[in-house]
Amino acid sequence: MATATPDAPPLAPAPAKKPPRRRGRWTPYWLLLPGLLWLFVFFALPMVYQASTSVQTGSLEEGYKVTWHFATYWDALSEYWPQFLRSVLYAGAATILCLVLGYPLAYLIAFRAGRWRNLIMILVIAPFFTSFLIRTLAWKTILADGGPVVGALNSLHVLDVTSWLGITAGDRVLATPLAVVCGLTYNFLPFMILPLYTSLERIDGRLHEAAGDLYARPFTTFRKVTFPLSMPGVVSGTLLTFIPASGDYVNADLLGSTDTRMIGNVIQTQFLRILDYPTAAALSFILMAAILIMVTLYIRKSGTEDLV
Amino acid sequence: MGFLKSIGRWLKSHFVVIAGLITLGYLLLPNVVVTVFSFNKPKGRFNYEWQQFSTDAWRDPCGVADMCGSLSLSLRIAFWATIGATVLGTMIAFALVRYRFRARGAVNSLIFLPMAMPEVVMAASLLTLFLNLGAQLGFWTILIAHIMFCLSFVVVAVKARVMSMDPRLEEAARDLYAGPVQTFVRVTLPIAAPGIAAGALLAFALSFDDFIITNFNAGSTVTFPMFVWGSAQRGTPVQINVIGTAMFLVAVLLVLSGMVIGNRRNRQKA
Amino acid sequence: MTSTDTDHGGDVRLSGISKAYGTFTAVHPLDLTIPQGSFFALLGASGCGKTTTLRMIAGLEEPSAGTVYLGEQEVTHLAPYKRPVNTVFQSYALFPHLDIFENVAFGLRRRGIKSVKKQVDDMLDLVQLGEQARKKPHQLSGGQQQRVAVARALINTPKVLLLDEPLGALDLKLRRQMQLELKRIQTEVGITFVHVTHDQEEAMTMADTVAVMNAGRVEQLGSPADLYENPQTTFVANFLGTSNLIEAEVDAKSGDEIVLKAGGGKLLLPEARCSAPTRTGGKVLVGVRPEKISLTHAADAGDIPAGRNRITGKIADTSFIGVSTQYVIDSPVCPEFEVYVQNIDRDARLTPGAEVVLHWNPAHTFGLDADQDIDAGVGSVDEEAAA
Numbered sequence: 001m002a003t004a005t006p007d008a009p010p011l012a013p014a015p016a017k018k019p020p021r022r023r024g025r026w027t028p029y030w031l032l033l034p035g036l037l038w039l040f041v042f043f044a045l046p047m048v049y050q051a052s053t054s055v056q057t058g059s060l061e062e063g064y065k066v067t068w069h070f071a072t073y074w075d076a077l078s079e080y081w082p083q084f085l086r087s088v089l090y091a092g093a094a095t096i097l098c099l100v101l102g103y104p105l106a107y108l109i110a111f112r113a114g115r116w117r118n119l120i121m122i123l124v125i126a127p128f129f130t131s132f133l134i135r136t137l138a139w140k141t142i143l144a145d146g147g148p149v150v151g152a153l154n155s156l157h158v159l160d161v162t163s164w165l166g167i168t169a170g171d172r173v174l175a176t177p178l179a180v181v182c183g184l185t186y187n188f189l190p191f192m193i194l195p196l197y198t199s200l201e202r203i204d205g206r207l208h209e210a211a212g213d214l215y216a217r218p219f220t221t222f223r224k225v226t227f228p229l230s231m232p233g234v235v236s237g238t239l240l241t242f243i244p245a246s247g248d249y250v251n252a253d254l255l256g257s258t259d260t261r262m263i264g265n266v267i268q269t270q271f272l273r274i275l276d277y278p279t280a281a282a283l284s285f286i287l288m289a290a291i292l293i294m295v296t297l298y299i300r301k302s303g304t305e306d307l308v
Numbered sequence: 309m310g311f312l313k314s315i316g317r318w319l320k321s322h323f324v325v326i327a328g329l330i331t332l333g334y335l336l337l338p339n340v341v342v343t344v345f346s347f348n349k350p351k352g353r354f355n356y357e358w359q360q361f362s363t364d365a366w367r368d369p370c371g372v373a374d375m376c377g378s379l380s381l382s383l384r385i386a387f388w389a390t391i392g393a394t395v396l397g398t399m400i401a402f403a404l405v406r407y408r409f410r411a412r413g414a415v416n417s418l419i420f421l422p423m424a425m426p427e428v429v430m431a432a433s434l435l436t437l438f439l440n441l442g443a444q445l446g447f448w449t450i451l452i453a454h455i456m457f458c459l460s461f462v463v464v465a466v467k468a469r470v471m472s473m474d475p476r477l478e479e480a481a482r483d484l485y486a487g488p489v490q491t492f493v494r495v496t497l498p499i500a501a502p503g504i505a506a507g508a509l510l511a512f513a514l515s516f517d518d519f520i521i522t523n524f525n526a527g528s529t530v531t532f533p534m535f536v537w538g539s540a541q542r543g544t545p546v547q548i549n550v551i552g553t554a555m556f557l558v559a560v561l562l563v564l565s566g567m568v569i570g571n572r573r574n575r576q577k578a
Numbered sequence: 579m580t581s582t583d584t585d586h587g588g589d590v591r592l593s594g595i596s597k598a599y600g601t602f603t604a605v606h607p608l609d610l611t612i613p614q615g616s617f618f619a620l621l622g623a624s625g626c627g628k629t630t631t632l633r634m635i636a637g638l639e640e641p642s643a644g645t646v647y648l649g650e651q652e653v654t655h656l657a658p659y660k661r662p663v664n665t666v667f668q669s670y671a672l673f674p675h676l677d678i679f680e681n682v683a684f685g686l687r688r689r690g691i692k693s694v695k696k697q698v699d700d701m702l703d704l705v706q707l708g709e710q711a712r713k714k715p716h717q718l719s720g721g722q723q724q725r726v727a728v729a730r731a732l733i734n735t736p737k738v739l740l741l742d743e744p745l746g747a748l749d750l751k752l753r754r755q756m757q758l759e760l761k762r763i764q765t766e767v768g769i770t771f772v773h774v775t776h777d778q779e780e781a782m783t784m785a786d787t788v789a790v791m792n793a794g795r796v797e798q799l800g801s802p803a804d805l806y807e808n809p810q811t812t813f814v815a816n817f818l819g820t821s822n823l824i825e826a827e828v829d830a831k832s833g834d835e836i837v838l839k840a841g842g843g844k845l846l847l848p849e850a851r852c853s854a855p856t857r858t859g860g861k862v863l864v865g866v867r868p869e870k871i872s873l874t875h876a877a878d879a880g881d882i883p884a885g886r887n888r889i890t891g892k893i894a895d896t897s898f899i900g901v902s903t904q905y906v907i908d909s910p911v912c913p914e915f916e917v918y919v920q921n922i923d924r925d926a927r928l929t930p931g932a933e934v935v936l937h938w939n940p941a942h943t944f945g946l947d948a949d950q951d952i953d954a955g956v957g958s959v960d961e962e963a964a965a
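In structure tokens:
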């Protein structure tokens with residue numbers, strides 16, 4: 001940089017830098033390089049490989065070649081559209097259930113828990129430390145045929161209604177859509193509660209008092225003040241629930257039956273058992289595209305762009 | 309009537325508390341079942357129905373072939389994945405918060421996308437890469453995959469902390485004769501530590517518990533979640549519940565004792 | 579301007595320094611000498627470049643052009659940790675993970691001094707915090723944190739101590755107390771203090787020399803009394819206290835006084851107190867401070883001694899504030915003329931609507947260039963009153 005003499009007032013053109021800056025210009029790139037390289041090679045590049053695999057033909061023995069065989073997509077979709085549809089329905093139902101169940105708990109922790117706040121918080125997070133597969137297997141016991149839960153639902157005739165709706169079968173809960181949705185809801189509930197809590201906790205408690213002071217009943221206060229202010233949490237919570245739920249195959253496998261197979265199950269089987277790589281890659285690519293489109297539309301509609 | 313009315317009023321004012329506690333019960337019920345069934349003595353291969361009380365499994369937690377081996381493998385992978393993801397993620401987080409650079413948007417989406425992608429998609433595409441490269445599936449491919457999907461979560465955790473940090477603290481350090489390295493070691497790192505620790509803890513939990521991505525990229529290597537998955541097909545030993553219960557207890561105890569120590573320290577100083 | 583001493587041993591000299599961020603110029607080329615051992619204030623509204631100037635002395639900001647000297651040493655591009663300069667940061671920037679003792683010892687330890695106990699204890703005693711050594715910063719009150727910040731900087735016996743709005747976060751009473759406290763410490767240690775503030779009262783109470791900054795330039799430099807009595811620009815006149823400014827036309831010169839025409843009347847202005855060129859027929863802004871003016875009911879106009887500057891008007895508003903009463907006068911030459919009258923003998927006739935004559939000793943009149951915004955610096959004063 002130019003060092004002007006005392007009687008040389010004209011300004012040396014200063015480099016255009018914003019306040020948070022450092023002397024080393026290359027430092028940020030060195031800091032980013034290893035991590036981004038890792039993500040590029042093991043996340044972005046595989047997507048390209050997958051896209052290429054999906055338009056290949058051949059066999060395991062003779063090897064595959066890119067032949068731009070887009071028919072794979074058409075075949076995959078026409079054969080597996082029920083599983084796609086099921087994935088969206090199950091994941092959607094689980095997301096809504098998570099929101100309905102999770103909101104009161106997040107609200108409780110944020111505003112009503114007082115000195116119990118930390119303890120409840122720990123109880124929400126602690127199950128994470130037990131393998132989710134073990135906990136999912138526990139649902140097999142909880143929902144077991146002839147167990148207390150099923151017995152109670154049966155005597156209240158709830159199962160009659162649900163089986164009329166087609167989400168349970170006879171007096172069984174296990175191996176039905178209800179069991180799968182129940183498992184999905186359970187597994188992804190913390191992912192709903194934590195972002196909800198984060199955005200609720202930021203709300204100034206005095207806003208409730210102000211709303212009450214301005215003639216709003218408690219429910220109106222919730223509808224007009226609390227809920228709109230917690231929207232960022234609702235948006236990220238629903239995304240964090242819906243996205244993993246739609247690709248999940250563990251719950252459908254452990255708690256469901258062949259009639260509850262989701263798209264994750266199909267991809268897993270195609271890839272690891274049938275070894276039909278092009279079909280599996282095409283299915284996975286469709287799932288990815290569908291999710292990305294849905295997420296983009298959803299974020300744009302709800303107007304929350306800063307999720308990261 | 310008055311009695312019913314007052315019950316109604318009580319329910320109304322405590323609605324959120326009741327609903328919240330029901331949800332909490334829903335969240336914790338499986339853990340209760342896991343714990344209770346760790347004392348079961350099942351007939352046959354599956355541990356789904358209560359038979360009789362027994363502490364056999366607790367006395368011999370490694371009594372099942374391969375289980376403890378898979379557990380130690382999972383811990384080893386989680387350890388290294390945590391270190392890898394924490395180092396790489398912390399570097400990215402600092403770069404994002406502290407510096408201006410080109411292609412910020414692209415960098416942000418490359419970090420956001422792995423979190424917005426169903427695991428099965430990442431798992432399948434990573435497997436295609438490894439198959440195409442002819443890589444030997446096993447410990448290393450699992451580790452690579454785990455660092456990949458933990459990285460973004462570490463970035464988010466550390467970024468939040470670093471963003472809330474007053475940049476004047478570092479200026480104060482530099483003003484008080486601390487060079488760049490000293491400033492980082494004495495001020496930046498200690499203050500960012502809770503965020504880094506949170507990120508590391510999250511990475512550890514995610515890596516240790518991961519099934520879907522591991523299942524695709526493990527080859528014949530068996531991690532603990534894969535062992536549990538396999539046992540769901542072949543027969544579930546009670547020892548699985550013992551491990552699950554022990555992990556839950558250790559986690560709760562660690563967090564609680566941390567809180568108690570923190571409280572006491574604060575009280576002493578106050 | 580400030581110092582004519584030949585000994586520059588410990589002066590801070592800024593020579594042509596400027597700072598630009600992209601197209602925005604935060605500080606225009608600036609020459610400034612801060613004499614060793616003085617208490618120097620940089621005063622201005624937020625965004626005027628005062629903090630940037632301070633940060634360039636500290637080394638936290640690199641000047642786009644120009645040179646910074648500490649004594650005879652050029653430090654323009656020297657990293658902050660290599661400069662014998664320390665800063666008391668706005669909102670203190672105490673290290674939250676270290677206790678008070680370690681915060682204060684930080685600078686000594688970084689310079690490799692092993693036995694710091696004695697020095698730190700002495701310094702904590704100087705700021706009366708000996709008891710709090712093992713507490714964490716968040717356990718202290720605002721005033722205590724402020725003193726820790728001062729102690730943490732002073733213990734390094736810097737050549738210059740920079741204070742960036744050090745009292746901004748304190749309430750009014752505590753601020754007054756700390757102003758005296760800081761002044762005491764400065765006298766005791768004899769180190770040069772450079773103090774950045776937006777509070778004109780704070781600057782005038784504490785500093786020997788004040789530089790008033792506006793839009794990246796120094797408007798005027800001088801002792802507090804000099805700035806108050808002889809403002810050179812409308813910004814200074816309005817920013818420091820309140821000024822009544824009247825647009826007037828130069829009529830004639832008689833001896834060392836200028837005769838001015840304003841709204842039909844005549845006003846006298848000592849030529850020495852006019853910073854503007856005075857051609858006959860040219861325009862000048864005439865200023866007078868509100869407390870210099872006397873207020874007489876129109877009925878008693880005959881009692882006013884001759885030779886005083888007079889203006890007639892009507893009382894628009896009065897507010898009683900204890901030691902004085904503040905009047906707003908609607909006058910043909912100035913719509914909102916402010917007059918502060920001490921509460922000695924209150925004239926009961928002086929109520930809104932009353933016709934009055936304002937008069938003052940011509941020696942208290944100052945003249946400014948009419949080629950500037952008559953209201954410059956006014957808004958900043960309002961901001962002050964609210965703070």
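These protein sequence lines map, in sequence, to chains A, B and C.
By our numbering, the letter at position 92 of the first sequence is numbered 92, and the numbering carries on one by one without gaps.
When you read off a place in the second sequence, starting at 1, and then add 308, the result is the number in our numbering.
When you read off a place in the third sequence, starting at 1, and then add 578, the result is the number in our numbering.
Note that CB positions come from ideal geometry on N, CA and C, so glycine has one too.
Euclidean distance between Cα positions of residue i and residue j
{"i": "Ser302/A", "j": "Met231/A", "result": "8 Å"}
{"i": "Thr544/B", "j": "Val342/B", "result": "12 Å"}
{"i": "Pro613/C", "j": "Leu477/B", "result": "29 Å"}
Contact belief for residue i with residue j at Cβ below 8 Å, rounded distance in angstroms
{"i": "Thr162/A", "j": "Leu178/A", "result": "6 Å"}
{"i": "Ile666/C", "j": "Leu741/C", "result": "Reading the sequence as shown, one finds Val at residue 666/C and not Ile. Contact flag correct, Cβ pair sits at about 5 Å."}
{"i": "Ile763/C", "j": "Leu686/C", "result": "With a Cβ gap of about 18 Å, Ile763/C and Leu686/C do not count as contacting."}
{"i": "Ile243/A", "j": "Pro426/B", "result": "6 Å"}
{"i": "Pro809/C", "j": "Ser821/C", "result": "7 Å"}
{"i": "Phe915/C", "j": "Leu936/C", "result": "7 Å"}
{"i": "Thr168/A", "j": "Asn251/A", "result": "Rounded, the Cβ-Cβ distance is 16 Å, inconsistent with contact."}
Buried versus exposed call for residue i [16 or more other C-beta atoms within 10 Å across all chains shown]
{"i": "Glu709/C", "result": "exposed"}
{"i": "Asp517/B", "result": "buried"}
{"i": "Ala884/C", "result": "exposed"}
{"i": "Thr522/B", "result": "buried"}
{"i": "Gln268/A", "result": "buried"}
{"i": "Ser87/A", "result": "buried"}
{"i": "Met47/A", "result": "buried"}
{"i": "His773/C", "result": "buried"}
{"i": "Ala781/C", "result": "buried"}
{"i": "Arg22/A", "result": "Since pLDDT at Arg22/A reaches only 46, below the 50 mark, its modelled position is unreliable, and no value is offered."}
{"i": "Pro930/C", "result": "exposed"}
{"i": "Met471/B", "result": "exposed"}
{"i": "Tyr659/C", "result": "buried"}
{"i": "Ile551/B", "result": "buried"}
{"i": "Asn265/A", "result": "buried"}
Own chain, CB closer than 7 Å to residue i, minus 5 neighbours either side, in chain order
{"i": "Ala465/B", "result": "Gly503, Ala506, Gly507, Leu510"}
Contact set for residue i: own chain, Cβ-Cβ below 8 Å, skip 5 residues either direction
{"i": "Tyr64/A", "result": "Thr53, Gln56, Thr57, Gly58, Tyr277, Pro278"}
{"i": "Asn939/C", "result": "Lys870, Arg886, Asn887"}
{"i": "Trp116/A", "result": "none"}
Inside the stretch 26-75 of chain A only - beta strand (DSSP E) runs reaching at least 3 residues: 56-59, 63-66
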